[in-house]
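Notes for the one structure printed next.
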Amino acid sequence: MNDPHEHELHDELAREMAGFEAARVTHPIKLEPATVGSVLAIYDGTDQDATVRALAAAAAARTGAGLTECTIDTADAADAILEAGRAHDLWFVPCPYRLDYTAIGAASLSPTLDLVLTRTPRPICLVRGPVDDPELCIQRPMVAVDVARHRKVDATALALALARGGGWLALLSIVDPSAEIHRAELVGRYLDPSDLSPESLGGLATARTGGLLAALQRGADAWDVAPRLIAQVGSLADEILRANTERGYLLVAGLDRDPKHASAQLARSLVLGSSLPVLLVPN
Amino acid sequence: MTGLLEAGHASGPIPMVLLGGSMIGIYVLIATGKLHKLTAALLGGIVCTALGLVLGVLHDYGVVHKILAKDLNVLGVIVGTSILVDISGRSGLFQFLAIKIAKKAKGDPARLFTALMGLTVLFVSVLTIAPGTLIVVSLALVLARTLDLNPAPYLIGVAVVANSGALVTFASGICTLMVGSAAGIPYVHFLQVSLPAALFTAVVAWWVIGRRYRGSLTAGETTPDERRTRIESFDEYAMITDRRVFRRCAWILGVTIAGFALAQPLGVGLDFVAIAGGAAALFLSGHDPEEAVKKVNWTVILFFVGLFVMIGVVEETGLLQLLASGMASLSGGNVQIALVLLIVFTAVTSGIMDNIPVAATLIPIVKSMIGTGLAAEPLWWGLIISANLGGNGTPIGSISCVIALHALTDATGRKVSWGEYLRAGGLTLALQVLLVIAYLLTMTVFDLFPTLPTP
Numbered sequence: 000m001n002d003p004h005e006h007e008l009h010d011e012l013a014r015e016m017a018g019f020e021a022a023r024v025t026h027p028i029k030l031e032p033a034t035v036g037s038v039l040a041i042y043d044g045t046d047q048d049a050t051v052r053a054l055a056a057a058a059a060a061r062t063g064a065g066l067t068e069c070t071i072d073t074a075d076a077a078d079a080i081l082e083a084g085r086a087h088d089l090w091f092v093p094c095p096y097r098l099d100y101t102a103i104g105a106a107s108l109s110p111t112l113d114l115v116l117t118r119t120p121r122p123i124c125l126v127r128g129p130v131d132d133p134e135l136c137i138q139r140p141m142v143a144v145d146v147a148r149h150r151k152v153d154a155t156a157l158a159l160a161l162a163r164g165g166g167w168l169a170l171l172s173i174v175d176p177s178a179e180i181h182r183a184e185l186v187g188r189y190l191d192p193s194d195l196s197p198e199s200l201g202g203l204a205t206a207r208t209g210g211l212l213a214a215l216q217r218g219a220d221a222w223d224v225a226p227r228l229i230a231q232v233g234s235l236a237d238e239i240l241r242a243n244t245e246r247g248y249l250l251v252a253g254l255d256r257d258p259k260h261a262s263a264q265l266a267r268s269l270v271l272g273s274s275l276p277v278l279l280v281p282n
Numbered sequence: 000m001t002g003l004l005e006a007g008h009a010s011g012p013i014p015m016v017l018l019g020g021s022m023i024g025i026y027v028l029i030a031t032g033k034l035h036k037l038t039a040a041l042l043g044g045i046v047c048t049a050l051g052l053v054l055g056v057l058h059d060y061g062v063v064h065k066i067l068a069k070d071l072n073v074l075g076v077i078v079g080t081s082i083l084v085d086i087s088g089r090s091g092l093f094q095f096l097a098i099k100i101a102k103k104a105k106g107d108p109a110r111l112f113t114a115l116m117g118l119t120v121l122f123v124s125v126l127t128i129a130p131g132t133l134i135v136v137s138l139a140l141v142l143a144r145t146l147d148l149n150p151a152p153y154l155i156g157v158a159v160v161a162n163s164g165a166l167v168t169f170a171s172g173i174c175t176l177m178v179g180s181a182a183g184i185p186y187v188h189f190l191q192v193s194l195p196a197a198l199f200t201a202v203v204a205w206w207v208i209g210r211r212y213r214g215s216l217t218a219g220e221t222t223p224d225e226r227r228t229r230i231e232s233f234d235e236y237a238m239i240t241d242r243r244v245f246r247r248c249a250w251i252l253g254v255t256i257a258g259f260a261l262a263q264p265l266g267v268g269l270d271f272v273a274i275a276g277g278a279a280a281l282f283l284s285g286h287d288p289e290e291a292v293k294k295v296n297w298t299v300i301l302f303f304v305g306l307f308v309m310i311g312v313v314e315e316t317g318l319l320q321l322l323a324s325g326m327a328s329l330s331g332g333n334v335q336i337a338l339v340l341l342i343v344f345t346a347v348t349s350g351i352m353d354n355i356p357v358a359a360t361l362i363p364i365v366k367s368m369i370g371t372g373l374a375a376e377p378l379w380w381g382l383i384i385s386a387n388l389g390g391n392g393t394p395i396g397s398i399s400c401v402i403a404l405h406a407l408t409d410a411t412g413r414k415v416s417w418g419e420y421l422r423a424g425g426l427t428l429a430l431q432v433l434l435v436i437a438y439l440l441t442m443t444v445f446d447l448f449p450t451l452p453t454p
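In order, the protein sequence lines correspond to chains B and G.
Letter 230 of the first sequence, counting from 1, is numbered 229 in numbering that gives the first Met the number 0, and no numbers are missing.
Letter 178 of the second sequence, counting from 1, is numbered 177 in numbering that gives the first Met the number 0, and no numbers are missing.
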C-alpha cells in the first residue's frame with residue numbers, strides 16, 4: 000500500500016534497480032575466516048594496558064588462538080614491537096604508545112606507532128579508550144570496505160574470524176559525492192551517470208559491495224554469523240566514524256603501509272577520530 | 000423510490016443535486032487530472048460537510064466522525080502493512096526470492112516472462128500492488144538489460160497481472176480491503192472465491208500479452224548458453240542486507256498473514272493484526288521508526304479521509320440509495336442481471352479513473368441494492384473483482400500500470416502509446432471481464448458462494 004508519489008517513483012526505481020545490480024556479481028569472491036594461530040598483546044605501562052589485555056584475550060578466545068603478552072618499554076619501541084610480533088598473527092597495542100591517551104589521543108598516534116604502521120606485516124589493533132564490553136566489541140566488528148578497498152576481502156576475512164560463532168558482522172560501504180566517481184563505473188552498473196542523487200549513489204554503495212556481501216551471506220549459516228550491509232552517502236571519514244560511534248564496537252579497515260597514500264592517511268585519521276579500537280589489516 | 004426516500008434519511012432533491020453534483024465534480028477533477036487526487040478529495044470532504052450542515056443533511060458535526068469511524072479499520076491496515084512492507088523490503092527478503100525464482104528460467108525469454116508473471120502475483124498478494132510491482136519491474140529491467148531482451152512485454156505483463164494479484168487475499172489490494180471490510184467478508188472466503196479468480200485472470204493476462212508480444216519474447220544475438228551464464232551471475236545472497244532482520248521479517252510476515260486469517264475467530268480486526276505486525280517489525284528490526292513511518296503513504300490515507308467524508312455525506316442525502324434502487328429496478332430484481340451490470344459499470348469506470356473512489360462510491364450503493372432483496376454474495380464479489388481488474392483497461396487505470404510504464408520510459412526512453420496499451424491491457428480486460436462474469440454467474444446459479452456471516 001505504499002502507492003509511490005510520482006515524483007518519488009524515479010528514486011524508488013533507482014534504489015531497487017541498483018540493489019538488483021548489486022546481485023549481478025561478475026567476479027565472485029571466495030571468502031573464508033582468516034586463520035589466527037596466535038594473538039599478541041603488547042603493553043606500554045599506561046592505563047590502556049587493561050583494555051589491551053581484555054580485547055586481546057577476547058580475540059584469542061573467539062579465534063581459538065594462543066595469547067602471548069609482553070611489555071615493551073624501550074626507547075626504540077617500534078623495532079621491538081615489530082620484532083616481538085613477527086611470530087604472531089594479530090597484535091593489540093595501546094594507541095598512542097607510551098603517551099597519555101586522554102591528553103593527546105586525538106592529536107597523534109605517537110611516533111612509535113607512526114613507524115610501526117609503515118612496516119607492520121600483520122594486522123594490528125590500535126586500542127583507544129576504555130571499552131565497556133570487550134567480548135561484544137570483538138564479536139561485532141564493522142568493516143569499512145572503502146578504506147584501502149583492495150584490502151577489503153582480507154579485512155572481512157579477519158573480521159569474520161572474530162565474529163563467527165554467534166557474532167554480528169557489518170560491512171560499511173560509502174560513496175562520497177565529493178570524490179570523483181568514474182563514469183565508466185556508473186555505466187558498467189547501468190546507473191545513470193547524470194543522476195547523482197542520494198538514492199542513486201546509495202545504490203552504487205550497495206552495488207560495490209555485492210560480491211563480498213553475497214559471499215558472507217552465503218556462508219553465514221555455516222559460520223554462525225549475522226552479516227549486515229550499511230550503505231551510506233557522505234564524507235568517508237565522517238560517515239565511518241559516525242557509523243562506528245553509533246554501533247560502538249570494533250572498526251576494521253585495510254591499511255596501505257605507504258604513509259603518503261591517501262588511504263593510509265584516511266586510516267590514521269579514523270584512528271585519531273575514534274575512541275573505539277581500530278583493527279588495521281595491512282597489504 | 001418515494002417509499003425509500005420516506006423510509007430512509009433522504010433530505011429532498013436540492014441537497015441531493017447539490018451534494019451529488021459536488022461529488023461528480025470532484026470525480027471529474029480526479030479523472031481528468033486537473034487537481035491532485037488528494038487535494039480534490041479533501042476539497043470534496045470540506046465542501047460536502049459544509050453543504051451538509053447548511054442544508055440540514057447532517058444534524059450535527061458528530062455525524063462526520065461517525066462516518067470516519069466506519070472506515071478506521073481500513074486506515075489501520077494501510078498504516079500497519081506499510082510499515083511492515085517497508086521494513087521487509089529493506090531486509091532483502093523479497094529481492095532474494097525474486098532472483099531465486101527468476102534464475103529458474105535459465106535465461107530463456109519466454110520462461111522468464113512466465114516466471115515474472117508468477118512472481119508478480121505472489122508479491123502483490125503479500126506486499127500489495129505498489130511495492131510488489133516496484134520490485135518486479137526493477138528486476139525485469141535489470142534482467143532485460145543483462146540478457147539483451149526487449150523489456151516492454153515484461154513490464155506491460157507485470158502491470159496487468161499485478162491487478163490479479165490484488166485479488167488473492169483480503170489485504171492484497173486497497174479496493175479488496177475496502178469492499179471486504181464493508182461487506183464483512185471473512186478472510187478465508189477470499190481463498191475460496193477471489194483466489195481462483197486471481198489465478199485464472201492472471202493466466203488470461205499471461206496468455207494475451209504473451210501472444211501479443213511473442214515476436215519480442217526472443218533473445219537478440221545471445222546464445223542460450225550465454226544467457227544462462229549471465230543470469231547465473233546474479234547472486235541472490237547479495238540481496239540480503241541484514242540477515243537478522245531478514246529472518247525476523249519472514250517470521251513476522253508469516254505470523255501477520257496467519258493473523259489476518261484468524262482475526263475474525265479471535266474477535267479482533269484486521270487493523271489490529273496489521274498494526275501489531277508493523278509494531279513487531281519496528282521493534283525487532285531495530286530500524287529507525289521515523290524512517291519507517293515516513294514510508295507510510297499519507298497521501299493515500301488523507302485521500303481516503305476526504306473521500307470517505309464526501310461519500311458519507313452524500314449517502315446521508317439518500318442519493319446513493321436512489322441510485323441503488325434504480326440499478327435494482329433496471330435489473331428487474333434479478334441478481335444475475337444486476338451482477339453483470341455492476342461488473343461492466345465498475346470495470347469501465349475503474350479504467351477511466353482511480354478505482355478507489357469508484358469502489359468507495361459503489362459500496363453504499365451495493366449495500367442498498369442488497370437492501371432491496373438482491374443476494375449479497377454475488378454483488379460484493381463482483382464489485383471486488385471488477386474494481387481491481389478495471390485498472391487494466393487503460394495505461395492510467397491502476398498504480399501498477401503507472402509504475403511499469405513510467406519505469407519503461409525512465410530506463411529506456413520508450414513510451415507505450417494508448418493504442419499499444421489498449422491492444423494488450425484493454426483486450427486482456429475484455430477477456431477477463433467475460434470470464435469473471437461467467438465465473439460469478441456459475442457460482443450464483445449453483446449457489447457455490449460461501450455464505451456471508453450475518454452482521
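Glycine included, every Cβ here is placed at the ideal spot set by N, Cα and C.
Quick caveat: nothing in here was measured; it's all calculated off a predicted structure.
| query | result |
| --- | --- |
| Around the C-beta of B/Arg118, are 16 or more other C-beta atoms found within 10 angstroms, so that it is buried, or is it exposed? | exposed |
| Closer than 7 Å by beta-carbon distance: list the chain B residues that pair up with G/Thr240, in chain order. | Arg227 and Leu228 |
| Just the chain B side, please: which residues come within less than 8 Å of G/Val141 by C-beta, in chain order? | Met16, Phe19, Glu20, Arg23 and Tyr189 |
| Taking 8 Å as the threshold (beta carbon to beta carbon), is B/Ala242 in contact with chain G? | no |
| With a CB to CB cut of under 8 Å and the five nearest residues on each side skipped, what residues in its chain are close to G/Thr393? | Gly350, Ile351, Cys400, Trp417, Tyr420, Leu421, Gly424 and Gly425 |
| Leaving out five residues on either side along the sequence, give the residues of the same chain with a beta carbon under 6 Å from the beta carbon of G/Met0. | Here G/Met0 scores only 39 on pLDDT, less than 50, and its place in the model should not be relied on; the value that follows carries that caveat. Within the same chain, G/Met0 has close Cβ partners Ser324. |
| Look at B/Asp223 and B/Gly164 and say whether their C-beta atoms are less than 8 Å apart. | yes |
| Beta carbons nearer than 7 Å to chain B: which residues of the region 231-256 of chain G have them? | Ser232, Phe233, Asp234, Glu235, Tyr236, Ala237, Met238, Ile239, Thr240, Asp241, Arg242 and Arg243 |
| Compute the Euclidean distance between the alpha carbons of B/Leu265 and G/Gly412, then round it to the nearest angstrom. | 41 Å |
| Tell me the DSSP secondary structure of G/Lys66 in three-state form. | The sequence given here places Ile at residue 66 of chain G; Lys does not occur at that position. G/Ile66: helix per DSSP, three-state reduction. |
| Tell me which residues share the same chain as B/Gly128 and place their Cβ nearer than 7 Å to its Cβ, disregarding the 5 neighbours each side in the sequence. | Tyr100 and Ser274 |
| Apply the 10 Å Cβ neighbour rule to G/Thr200 and answer buried if 16 or more other Cβ atoms are within range, or exposed otherwise. | buried |
| For G/Ser137, return the contacting residues in chain B, with the cut-off set at a CB-CB distance below 8 Å. | Leu12, Glu15, Met16, Gly18 and Phe19 |
| Excluding the 5 residues preceding and the 5 following G/Asn391 in the sequence, name in chain order all residues of the same chain whose CB lies nearer than 6 Å to its CB. | Val159, Asn162, Gly424, Thr427 and Leu428 |
| So what does B/Ala143 bridge to, in DSSP terms? | B/Leu171 and B/Ala252 |
| B/Asp216: buried (16+ other C-beta within 10 angstroms of its C-beta) or exposed? | A quick correction: the sequence has Gln, not Asp, at residue 216 of chain B. Buried, since its Cβ has 16 or more Cβ neighbours within 10 Å. |
| Extract the residue ranges of the beta strand (DSSP E) inside the region 153-182 of chain G, only unbroken runs of 3 or more that lie entirely within it. | none |
| Please state whether DSSP places B/Pro281 in a helix, a strand or coil. | strand |
| Suppose the cutoff is 6 Å on Cβ atoms and the five residues either side in sequence are ignored; what does the same chain contact list for G/Tyr212 look like? | Pro152 |
| Using only alpha-carbon positions, find the residue among G/Ala129, G/Val415, G/Pro150 and G/Lys69 that is nearest to B/Glu11. | G/Ala129 |
| Which of helix, strand or coil does DSSP assign to B/Asp131? | coil |
| Please list the partners that B/Leu212 has in chain G, where partner means a Cβ-to-Cβ separation under 8 Å. | Tyr236, Ala237, Ile239 and Thr240 |
| Helix, strand or coil, according to DSSP, for G/Glu233 in the structure here? | The residue you asked about is not Glu; residue 233 of chain G is Phe in the sequence shown. Looking at G/Phe233 - three-state DSSP - the assignment turns out to be strand. |
| How big is the Cα-Cα spacing for B/Pro270 and B/Val126? | A small fix is needed here, since residue 270 of chain B is Val in this sequence, not Pro. Using only the alpha carbons, I get a separation of about 9 Å. |
| Examine chain G for any beta-carbon lying closer than 8 Å to the beta-carbon of B/Val277, and answer yes or no. | no |
| Since G/Val167 and G/Val120 should fall inside the 8 Å C-beta cutoff, what is the C-beta to C-beta distance between them, to a whole number of angstroms? | 7 Å |
| Suppose only complete runs of 4+ residues qualify. What are the alpha helix (DSSP H) ranges in the region 267-296 of chain G, listed by chain order? | 269-284 and 288-293 |
| Measure from the C-beta of G/His405 to each C-beta in chain B and report whether the shortest distance is under 8 Å. | yes |
| Name the DSSP bridge partner or partners of G/Pro14? | G/Pro14 is not bridged to any residue. |
| With respect to the beta strand (DSSP E) encompassing B/Glu68, which residues constitute its N-terminal and C-terminal limits? | Gly65 to Thr70 |
| Helix, strand or coil, according to DSSP, for B/Ser193 in the structure here? | coil |
| Report the partner residues of B/Trp90 according to the DSSP bridge assignment. | B/Leu39 and B/Ile123 |
| When the Cα atoms are used, what is the spatial distance from G/Leu42 to G/Ala165? | 29 Å |
| How big is the Cα-Cα spacing for G/Leu447 and G/Tyr438? | 10 Å |
| Can you name, in chain order, every residue of its own chain whose Cβ lies under 8 Å from the Cβ of G/Gly101, other than the five neighbours on each side? | The residue you asked about is not Gly; residue 101 of chain G is Ala in the sequence shown. So the qualifying residues of the chain are Leu111, Ala114, Leu115, Leu118, Leu138, Leu142, Ile230 and Phe233. |
| Is G/Lys28 close to chain B? Criterion is C-beta to C-beta, closer than 8 Å. | For the record, residue 28 of chain G in the displayed sequence is Leu; it is not Lys. G/Leu28 does not count as touching chain B. |
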